[in-house]
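Asker: Pasting a structure below so you can have a look.
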Amino acid sequence: MHPILKMALQRLALGVFTLFVVSIIIAGAVEFLPGDLAQEILGQAATPEAVAAFRAEVGLDKPPVERYFSWLGGVAQGDFGTSLATKRSISELISARLGNTLFLAGFAAVIAVPLAVTLGMLAALYRNSWFDRLINVSTLSSISFPEFFVAYVLILFLSVGYGFDARWVLAVLGLFLLVEGFGAVREGMKIGRFSMFGSVFGLLGLALVVNAVFGWWSYQVGAVQAFPSISNISPDASFSERIYRSFLPALTLTLVVTAHMMRMTRASIINLMASPYIEMARLKGMPPGRIIVKHALPNALAPIINVIAINLAYLITGVVVVEVVFVYPGLGQLLVDSVSKRDITVVQGCCLIFAATYILLNLTADILAIATNPRLLHPK
Amino acid sequence: MSDDTILKIRNLKIDGKTGDEWLPILKGIDLDLKRGEVLGVIGESGAGKSTIGLAAMGYTRGGCRISGGTVDFEGTDLVAASETYRRKLRGKKIAYVAQSAAASFNPAHRLIDQYSEAPIQHGVMNTTEAESDATELYRRLQLPNPDEIGFRYPHQVSGGQLQRAMTAMAMSCRPDLIIFDEPTTALDVTTQIEVLAAIRDAVEQFGTAAIYITHDLAVVAQMADRIQVFKLGETIEEAETRKMLSAPEEDYTKSLWAVRSFKATAKPKPPADEVPIVELRNVDAAYGATPVLFDVNFKIHKGRTVAVVGESGSGKSTAARCITGLLPPTKGEILFNGEALPPGYRQRNKDQLRQAQMIYQMADTALNPKQRIEDIIGRPVGFYLGLSGKAQRERVRELLDLIEMEPDVYMHRFPGELSGGQKQRIGIARSLAAEPQFIICDEVTSALDQLVAEGILRLLDKLQIDLGLAYMFITHDLATVRAIADEVVVMQHGKVVEQGPKVEMFKPPHHPYTDLLLSSVPEMDPGWLTNLLGARERGEIVDAKAAGASDN
Chain A
1235 MHPILKMALQ RLALGVFTLF VVSIIIAGAV EFLPGDLAQE ILGQAATPEA VAAFRAEVGL
1295 DKPPVERYFS WLGGVAQGDF GTSLATKRSI SELISARLGN TLFLAGFAAV IAVPLAVTLG
1355 MLAALYRNSW FDRLINVSTL SSISFPEFFV AYVLILFLSV GYGFDARWVL AVLGLFLLVE
1415 GFGAVREGMK IGRFSMFGSV FGLLGLALVV NAVFGWWSYQ VGAVQAFPSI SNISPDASFS
1475 ERIYRSFLPA LTLTLVVTAH MMRMTRASII NLMASPYIEM ARLKGMPPGR IIVKHALPNA
1535 LAPIINVIAI NLAYLITGVV VVEVVFVYPG LGQLLVDSVS KRDITVVQGC CLIFAATYIL
1595 LNLTADILAI ATNPRLLHPK
Chain B
4 MSDDTILKIR NLKIDGKTGD EWLPILKGID LDLKRGEVLG VIGESGAGKS TIGLAAMGYT
64 RGGCRISGGT VDFEGTDLVA ASETYRRKLR GKKIAYVAQS AAASFNPAHR LIDQYSEAPI
124 QHGVMNTTEA ESDATELYRR LQLPNPDEIG FRYPHQVSGG QLQRAMTAMA MSCRPDLIIF
184 DEPTTALDVT TQIEVLAAIR DAVEQFGTAA IYITHDLAVV AQMADRIQVF KLGETIEEAE
244 TRKMLSAPEE DYTKSLWAVR SFKATAKPKP PADEVPIVEL RNVDAAYGAT PVLFDVNFKI
304 HKGRTVAVVG ESGSGKSTAA RCITGLLPPT KGEILFNGEA LPPGYRQRNK DQLRQAQMIY
364 QMADTALNPK QRIEDIIGRP VGFYLGLSGK AQRERVRELL DLIEMEPDVY MHRFPGELSG
424 GQKQRIGIAR SLAAEPQFII CDEVTSALDQ LVAEGILRLL DKLQIDLGLA YMFITHDLAT
484 VRAIADEVVV MQHGKVVEQG PKVEMFKPPH HPYTDLLLSS VPEMDPGWLT NLLGARERGE
544 IVDAKAAGAS DN
């Protein structure tokens, strides 16, 4: 058997075992939640008899271990059971939400991954220049703000409409800030200083100009706003409709995850730039861009792939806040709702899917890291 | 006449940045090279040899700058030329062969793709032409399976083959000038010969001019038409090879030439009934499932030096690891003063551990950079002898005196503040701190310049006489063996192929492998390589295949 296939199967088996352990931890953690579904639904005024009767009805009176194993038995056969609160099939409930979450994550990833890797390579190529500093400052700022803040800023610039005159004023102001701010940054780099004020003003100017452009565009097509601030997509929405409606949440997520991947790309490449084989490529007369893409990047892939995998997993499992801000019907929101309702079977199902996502993405990252390393792919 | 000169360097000054200061590396170098001529550049580390080589391509490493002078290549000053112009020249007109081919080949690409890159990117050939050309050059440089070897990745090819593949790569655009920067320094002596021969033939065939940088005089004597000697960024002297070898004018050059004259004090043979300090009896050892030592036997007597020689992978260092208990042997035993030692170091007591100490090849990595000298040496003093406080400091001072380093000056320094030779002395002091009877010296002079290495050998010799130490001296350098050994053990493929007193070992008849090792050591005679290859061809001397040397 091919060594990579063998390793993949081994890791997959290990992943299934990890999932089993995770399921025990989830079941245990859910047991520790104060109160249960019966108390939550029946409220404070319920008599102990009513609560007990409700528990018996949904099976909450059985011991936790028994409940866990009957649930696990169902999951093993692909049946996640029914929601205790709504009596709907969990598989059905989750699959619709999971589809939405995967769509949003995929949308964000399609923008963020190529953007981050390209920016990382450019930053490495023009290392320590004003361009490099500017990319670092802007990506770091976007990761440093809380997600909801980034989301609201985007809504402010890309969704809220202004009057026509105000837009012109803002556009001119933006252009002024953009030119002056980045000009200051460039001047500063000439004497070896980085102008923080310059970059902040420049970025603000850039945002205003973008705002003006999109505002002008929405004005042209006769829309009230460039992009909707509420992404309540319905199941029968067309693909382009989905893209349009989920643009702002996807952009928010892009801003949140880009910094991490971009900085890892930059650092991994710069780390290799002192290697003898990079010097060799220079001495063969290769241009700097080719050296980065052909000589450094292939050797820097393993750490970059790992960071991308972690960020993709985050895009699927960590988007609760963004989903709430944009009222996006994803898995994260379902999880939060279910926890507050003490709908433990749904919580367990969601958590298990999140865990499986992490395991699968990490497995993929490991396999890709091997597949891109000739030492491992072509042994002596 | 002026058309004949391909490279003309005038008053070249290069500075390197240390902290916030620019310190000179090259202090005004003049260098001339004619078409088809091979110039040997020689000097110790820090002489600026590599800097000169790179400057000939108009290239400086990060943290360096050209502060003056001109590098005139085929009529254009590369210092003043644009980066684009220089880039078009590099790889096409001037090529570079680096010291470590293993590090200088990109691990992510096949050899042939790296070969083709320069010709394709410089627009000299298309892919098909470049690939058939690669095969052709691989054949000329006598690489095995020239049709297939290019499709391997660098890690699948041995060091000697990689070095030849790199020479082929440098020749891919048929440049007018090739810079060879210590291309054989990292190779075994038996492999070095093949690479030297391949390089010399290729340079002759294509009439390429070359700058051959090395610290090894005997090697440069084979390769160069003319030799230029450097010291600390300045030219010491320059002459045609034969004249330079027979009649060097400057004292510094003479001192370089004289290094190989050192001989350790000869010691009387031990009485036949003397119990050896260390004895290996039928030792087998393995790394995991891979056996590396087979039935190894040898003895080391008090006050004597046993040199263990062989190429890399022959099991020299593994034998040392067995003696120290780092790698418990799978069979056989190790006796110390006639008593069997427990196989693993964990089962040995402190006194058994104390008796056998080690000095390592890379003093840089063997010393903790965050500890002061007094702590580095004080640690074994405290651990083995139980001394602490003032008594420990006193002992450290004695040890520093012993290795001829002024205690007041060096006690409080960090390893980073010492030179390579001084660091190796600290390594010696640290091993002496345990007051052992026996020291394993693992390639202790390989990383040092010849003058410095000689100092270390003199010191080891003096310590041996004063303290009655026994040495196991692991080396691949037969010149060092000649200088210091009393007895020689020759190893190949994990077996001892020959052993005996040095005087007998350097006299024929030999085991074929010993013969190969001995005949492969370069000699100062400029005709040596030609004569040797001729003799091997005619079958008068054993060659690598006959001796069963590992593939090169």
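Just so you know, the protein sequences line up as chains A and B, in that order.
Residue numbers for the first sequence follow our numbering, so the first one is 1235 and each next one is one higher.
Residue numbers for the second sequence follow our numbering, so the first one is 4 and each next one is one higher.
Note that the Cβ used here is the ideal one computed from N, Cα and C, for glycine as well.
Determine the DSSP secondary structure at L10(B), reduced to helix, strand or coil.
Answerer: strand
Asker: What residue range does the alpha helix (DSSP H) around P27(B) cover?
Answerer: Counting along the chain, P27(B) falls outside any alpha helix (DSSP H), though it belongs to the beta strand (DSSP E) covering 24-37.
Asker: Can the beta-carbon of M172(B) be found closer than 8 Å to that of Q117(B)?
Answerer: It is a contact, given that the beta carbons lie within the stated cut-off.
Asker: Whole-angstrom Cβ separation of L222(B) and L199(B), contact assumed at under 8 Å?
Answerer: Contrary to the premise, residue 222(B) reads as Val rather than Leu in this sequence. V222(B) to L199(B), Cβ: 7 Å. Contact.
Asker: Please list the partners that Y156(B) has in chain A, where partner means a Cβ-to-Cβ separation under 8 Å.
Answerer: P1608, R1609, H1612
Asker: K426(B): buried (16+ other C-beta within 10 angstroms of its C-beta) or exposed?
Answerer: With 16 or more other Cβ atoms from the protein chains shown falling within 10 Å of its own Cβ, K426(B) counts as buried.
Asker: Nearest CA to the CA of C1335(A): which residue from W1450(A), R1609(A), V1561(A), I1593(A)?
Answerer: The residue asked about is misnamed: residue 1335(A) is Thr in this sequence, not Cys. If you compare the alpha carbons of W1450(A), R1609(A), V1561(A), I1593(A) with that of T1335(A), the shortest gap goes to V1561(A).
Asker: Can a CB atom of chain B be found closer than 8 Å to the CB of H1640(A)?
Answerer: With chain A covering 1235 to 1614 only, the question about residue 1640(A) has no answer from this structure.
Asker: Which partner residues does T293(B) have in the DSSP bridge list?
Answerer: The secondary-structure analysis by DSSP pairs T293(B) across a beta bridge with Y290(B).
Asker: Can you tell me where the beta strand (DSSP E) with Y215(B) in it begins and where it stops?
Answerer: 212-217
Asker: Using C-beta distances below 6 Å, list every residue in its chain close to M4(B), excluding the 5 sequence neighbours before and after it, in chain order.
Answerer: Low per-residue confidence applies at M4(B): pLDDT is 41, beneath 50, and the placement is therefore not dependable enough to give any value.
Asker: Please report the straight-line C-alpha distance between G1262(A) and V1309(A), rounded to a whole angstrom.
Answerer: Taking the CA atoms as reference points, G1262(A) sits about 17 Å from V1309(A).
Asker: Is D518(B) helix, strand or coil by DSSP?
Answerer: Three-state result, D518(B): helix.
Asker: Tell me the rounded alpha-carbon separation between D1470(A) and A1330(A).
Answerer: Straight-line Cα distance between these residues: approximately 11 Å.
Asker: Give a yes or no on whether the minimum CB-CB distance between P1532(A) and chain B is below 8 Å.
Answerer: Using a Cβ-Cβ cut-off of 8 Å, P1532(A) counts as an interface residue toward chain B, since at least one Cβ of chain B sits closer than that to its own.
Asker: Consult DSSP for I45(B) and reduce its assignment to one of helix, strand or coil.
Answerer: strand
Asker: Should Y1511(A) be flagged as near chain B, meaning a C-beta pair shorter than 8 Å?
Answerer: yes
Asker: Which whole runs of the beta strand (DSSP E) in the region 296-320 of chain B are 3 residues long or more, in chain order?
Answerer: With a minimum length of 3 residues, the continuous beta strand (DSSP E) runs that stay inside the region 296-320 of chain B are 308-312.
Asker: Residue ranges of each alpha helix (DSSP H) run of no fewer than 4 residues wholly in the region 61-122 of chain B, ordered along the chain?
Answerer: Fully enclosed alpha helix (DSSP H) runs of 4 or longer: 86-92, 104-107.
Asker: Taking only three categories from DSSP, how would you classify V1314(A)?
Answerer: The amino acid at residue 1314(A) is misidentified as Val; the sequence shows Phe. F1314(A): coil per DSSP, three-state reduction.
Asker: Which chain B residues are close to P1521(A), counting only those with a beta carbon under 7 Å from its beta carbon?
Answerer: R90
Asker: Measure the C-alpha to C-alpha separation of T244(B) and V41(B) and round it to an integer number of angstroms.
Answerer: 10 Å
Asker: Measuring alpha carbon to alpha carbon, tell me which of R382(B), H218(B), Y141(B), G423(B) ends up nearest M365(B).
Answerer: Per the C-alpha coordinates, the member of R382(B), H218(B), Y141(B), G423(B) positioned closest to M365(B) is G423(B).
Asker: How is the beta strand (DSSP E) around Y474(B) delimited, first residue to last?
Answerer: 473-478
Asker: What are the partner residues of M1430(A), as DSSP defines its beta bridges?
Answerer: In the DSSP assignment, M1430(A) is bridged to no other residue.
Asker: Say whether chain B places a C-beta atom closer than 8 Å to the C-beta of P1440(A).
Answerer: The sequence given here has Leu at residue 1440(A), not Pro. No, L1440(A) does not count as interfacial toward chain B.
Asker: What number of angstroms, rounded off, separates the C-alpha of G1249(A) from the C-alpha of A1590(A)?
Answerer: 8 Å
Asker: Is it buried or exposed, D452(B), if we count other Cβ atoms within 10 angstroms and call 16 or more buried?
Answerer: buried
Asker: Can you check whether the C-beta of D554(B) is within less than 8 Å of a C-beta belonging to chain A?
Answerer: Its pLDDT being 46, under 50, D554(B) is placed unreliably in this model, and the value from its coordinates should be taken loosely. Not an interface residue.
Asker: How about R93(B) and L1517(A): are their beta carbons less than 8 Å apart?
Answerer: yes
Asker: State the start and end residues of the unbroken alpha helix (DSSP H) segment that holds E457(B).
Answerer: 453-470
Asker: Less than 8 Å between the beta carbons of I487(B) and D469(B), yes or no?
Answerer: no
Asker: Between which residues of its own chain and V1371(A) is the CB-CB distance below 6 Å, once the five residues before and five after are set aside?
Answerer: Same-chain partners within the cutoff: S1433.
Asker: Which same chain residues, not among the five before or five after H1236(A), have their C-beta less than 8 Å away from its C-beta?
Answerer: none
Asker: Please work out which residues of its chain come closer than 6 Å, Cβ to Cβ, to P122(B), disregarding the five sequence neighbours upstream and downstream, and give them in chain order.
Answerer: Cβ neighbours of P122(B) within its own chain (closer than 6 Å, five residues either side excluded): M128, A133, S175, C176.
Asker: Where V1443(A) and G1436(A) are concerned, what is the direct C-alpha to C-alpha distance, given to the nearest angstrom?
Answerer: 10 Å
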